[in-house]
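There are 2 protein chains.
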Amino acid sequence: MSGTSRSLSTKGHNPMTEATQTKADGGASGHEGVARGSGVTLWRQIAQRLEEEIHSGVLKPGARLPVEAELSETFGVNRHTLRRALAHLAEQGLIEATAGRGTFVKEPPLRYPIGARTRFSEIVSAGGREPFGRFLGSKVEDACPDVARELAVPEGTPVLRIESIHEADGVPISFGTAWFPHARLRDLDLVYAATGSLTRALATLGIEDYRRRETRITARPANGREIELLSLAPGRAVLVLERLDVEPNGVPLQWGRSSFAADRVQLVFKA
Amino acid sequence: MSGTSRSLSTKGHNPMTEATQTKADGGASGHEGVARGSGVTLWRQIAQRLEEEIHSGVLKPGARLPVEAELSETFGVNRHTLRRALAHLAEQGLIEATAGRGTFVKEPPLRYPIGARTRFSEIVSAGGREPFGRFLGSKVEDACPDVARELAVPEGTPVLRIESIHEADGVPISFGTAWFPHARLRDLDLVYAATGSLTRALATLGIEDYRRRETRITARPANGREIELLSLAPGRAVLVLERLDVEPNGVPLQWGRSSFAADRVQLVFKA
DNA sequence: CTAAATTTGTTCGTATGTATC
DNA sequence: TGATACATACGAACAAATTTA
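In the order they appear, the protein sequences are chains F and Y. Per the UniProt record's numbering, residue 1 is the first one in the first sequence, and the count goes up by one each step. Per the UniProt record's numbering, residue 1 is the first one in the second sequence, and the count goes up by one each step.
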């Protein structure tokens, strides 16, 4: 049976409101397909209908939905009922509504698998998009305490710092800084700037293989630099990803910190 | 040598400003330890000094730093110079400043390793903290399309939905919803509510082992519910973690979506 | 609830040393 | 050498957020 609710100990309001089902009943309807008294709530039927249209491609990413008043009319329900359906879709990340602008189908996030062999270019290519690494700048500096610790070199050792933006089909996905042992990778930055691919730049310098040792993830609101470089709206979140890559023999190759436009990627870890 | 800069193609401003060093020169100083003309910029010296005090425990998590005016005076520098040092520490996540309130040493985030055997209680215990799962509510409902797909059951199959908050030492860490096949796990919610541990509740029902199959991660600004349940400041980010756990034989056991207070955890993936 | 005080955040201006062309 | 750009550092004032009286 559906609808058995057991709610305990929630001082204040019940957190289960989102999923409550009602056996609403109208009269003889058949307005625009929503079946009253079918055992399935109206808002669920509407949400499912819209979800199908999005997944089937009738409603394409970026498309604007009709205004709520119009939608509620075509479905033959109250605007509140329609809004509940939209709220459900918004929670799932399928649509996004902005007051005064309208409701839009969101671009599907780039599935970004993280694993021992994570390579940006391969991930993006696998998604049928065109990867590009835009070189921003580089410099040789003395390893500060945390970089020295991660790269397992003495503090003050010269390290090569590279900043870059990663794009997929011209849309900025992430931006970040990576540090490399300078002794091992002299002029990596020049090669990277020329090729736009770290994997290829490393290969040019004789490093054919490396693997991810650790990935650490946090998130926070985007700062000014991220807003600018990733074309984000103020207040949006970024995923901050710290990573350590090592050569096959275990020697640290690069440590870096990147900011990902959180609503354009979904990091995926398979166990 | 330190300071070799190779900056290209950055229309506008230079992204490498943070790391440039200058050989500034003052006079015969010795004010409060900052050495003018030592080859290291004043703000770097200050940043490093404060970082040491934080790491050594002189400045404990949650401690409030002296106000900028006072700090700049004790270091014998202009307030701008001090602020540059603070900005560096804030970027590293060591401190956090709020207008009107002050500057505080941040609590180190809970390292939250994600792997095939991720168990909330074990993670928190390993960090020397006391884990607690607070049961919020549950209900039996018909599987909606996405839950059905993830749990590999037909749409409409009864599933048990459980909402809960996870705390470490009483501080809310995450809050989320998980769906379980109801047929297999009748009354799981009651046992969970009683024990406060999902692992133990599952064991009680005869499920001794399970493993993580996939973890998907995005992030976004916290919504009203998250702000309330996780005691977040508006505008803060949450990490949204979708996970699928399966039994040893590969049968889906639970699928869920949780929101983590992004500034209280750091998800760690080891390859 | 309002007003004042406190504290961080932002912007303008000035000057100086260093690196680059 | 000179011109230019850039990073550092100091000074003053004001804006915005928060706490306190």
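Every residue, glycine too, gets a C-beta built ideally from N, C-alpha and C.
Short Cβ contact (8 Å threshold) for residue i with residue j
{"i": "L188(Y)", "j": "L151(Y)", "result": "no"}
{"i": "E107(Y)", "j": "A168(Y)", "result": "no"}
{"i": "F75(Y)", "j": "I95(Y)", "result": "no"}
{"i": "L110(Y)", "j": "R264(Y)", "result": "yes"}
{"i": "I114(F)", "j": "F269(Y)", "result": "yes"}
{"i": "A237(Y)", "j": "A237(F)", "result": "yes"}
{"i": "G235(Y)", "j": "G235(F)", "result": "yes"}
{"i": "L42(Y)", "j": "V67(Y)", "result": "no"}
{"i": "A271(F)", "j": "R186(Y)", "result": "no"}
{"i": "F135(F)", "j": "A203(F)", "result": "no"}
Where residue i meets chain Y, residues with beta-carbon distance less than 7 Å
{"i": "A85(F)", "result": "Those do not exist, as A85(F) stays about 12 Å from chain Y at its closest Cβ, beyond 7 Å."}
{"i": "G235(F)", "result": "P221 and G235"}
{"i": "Q45(F)", "result": "Per Cβ cutoff of 7 Å: no residues; Q45(F) is ~11 Å from chain Y at best."}
Residue i versus residue j - alpha carbon distance
{"i": "L239(F)", "j": "R49(F)", "result": "32 Å"}
{"i": "L205(Y)", "j": "I123(Y)", "result": "22 Å"}
{"i": "E73(F)", "j": "E141(Y)", "result": "28 Å"}
{"i": "P221(F)", "j": "W179(F)", "result": "24 Å"}
{"i": "G39(Y)", "j": "L267(Y)", "result": "38 Å"}
{"i": "R44(Y)", "j": "E226(Y)", "result": "37 Å"}
{"i": "R36(F)", "j": "V153(Y)", "result": "26 Å"}
{"i": "V34(F)", "j": "S138(Y)", "result": "28 Å"}
{"i": "V251(F)", "j": "L190(Y)", "result": "50 Å"}
{"i": "G170(Y)", "j": "S231(Y)", "result": "12 Å"}
{"i": "G128(F)", "j": "S121(F)", "result": "11 Å"}
{"i": "E51(F)", "j": "S56(Y)", "result": "53 Å"}
{"i": "residue 337(F)", "j": "Y112(Y)", "result": "Since the displayed chain F opens at 1 and closes at 271, residue 337(F) lies outside it and no answer follows."}
{"i": "S9(F)", "j": "P61(F)", "result": "Per-residue confidence for S9(F) stands at a pLDDT of 32, beneath the threshold of 50, marking its modelled position as unreliable; no derived number is given."}
Cut-off 7 Å between Cβ atoms - residues of its own chain near residue i, not counting five sequence neighbours on either side
{"i": "L229(Y)", "result": "I165, P172 and F175"}
{"i": "E155(F)", "result": "A143, P145 and A148"}
{"i": "A69(Y)", "result": "R79"}
{"i": "L71(Y)", "result": "L65 and L82"}
{"i": "S125(F)", "result": "P131"}
{"i": "R119(F)", "result": "T199"}
Cβ neighbours of residue i in the same chain (closer than 6 Å, five flanking residues each side left out)
{"i": "T218(F)", "result": "V240"}
{"i": "R211(Y)", "result": "A116"}
{"i": "L59(Y)", "result": "E53 and V105"}
{"i": "G196(F)", "result": "F132 and G133"}
{"i": "T215(Y)", "result": "I114 and R243"}
{"i": "A262(F)", "result": "A237, V238 and L239"}
{"i": "R84(Y)", "result": "W43"}
{"i": "I207(Y)", "result": "none"}
{"i": "S29(Y)", "result": "In this predicted model, S29(Y) has a pLDDT of only 30, less than 50, meaning its place in the structure is not dependable enough to derive any value."}
Interface partners of residue i on chain F, CB under 7 Å
{"i": "F180(Y)", "result": "Chain F residues near F180(Y): none, gap ~14 Å exceeds 7 Å."}
{"i": "D209(Y)", "result": "Those within 7 Å of D209(Y) in chain F number zero; the least Cβ separation is about 14 Å."}
Contact set between residue i and chain Y, taken where Cβ atoms lie within less than 8 Å
{"i": "L267(F)", "result": "R216, I217 and T218"}
{"i": "R213(F)", "result": "K270 and A271"}
Interface residues of chain Y facing residue i [CB-CB closer than 9 Å]
{"i": "A116(F)", "result": "A271"}
{"i": "P109(F)", "result": "T218"}
{"i": "D263(F)", "result": "T218, A219 and R220"}
Same chain, Cβ closer than 8 Å to residue i, neighbours up to 5 away in sequence not counted
{"i": "D209(Y)", "result": "E247 and P248"}
{"i": "T177(Y)", "result": "R161, I162, E163, G256, R257 and S258"}
{"i": "P158(F)", "result": "V140, E141, D142, A143, H182 and A183"}
{"i": "A63(Y)", "result": "F104 and V105"}
{"i": "A233(Y)", "result": "I227"}
Residues that residue i contacts on chain F, provided the C-beta gap is smaller than 8 Å
{"i": "L239(Y)", "result": "I217, T218, A219 and L239"}
{"i": "P145(Y)", "result": "Q48 and E51"}
Validate contact between the region 242–252 of chain F and the region 82–90 of chain F using beta carbons, cut 8 Å, 3 pairs: Output reads no: the region 82–90 of chain F does not touch the region 242–252 of chain F.
At least three beta-carbon pairs within less than 8 Å, the region 250–260 of chain F to the region 94–105 of chain F: No, they do not touch.
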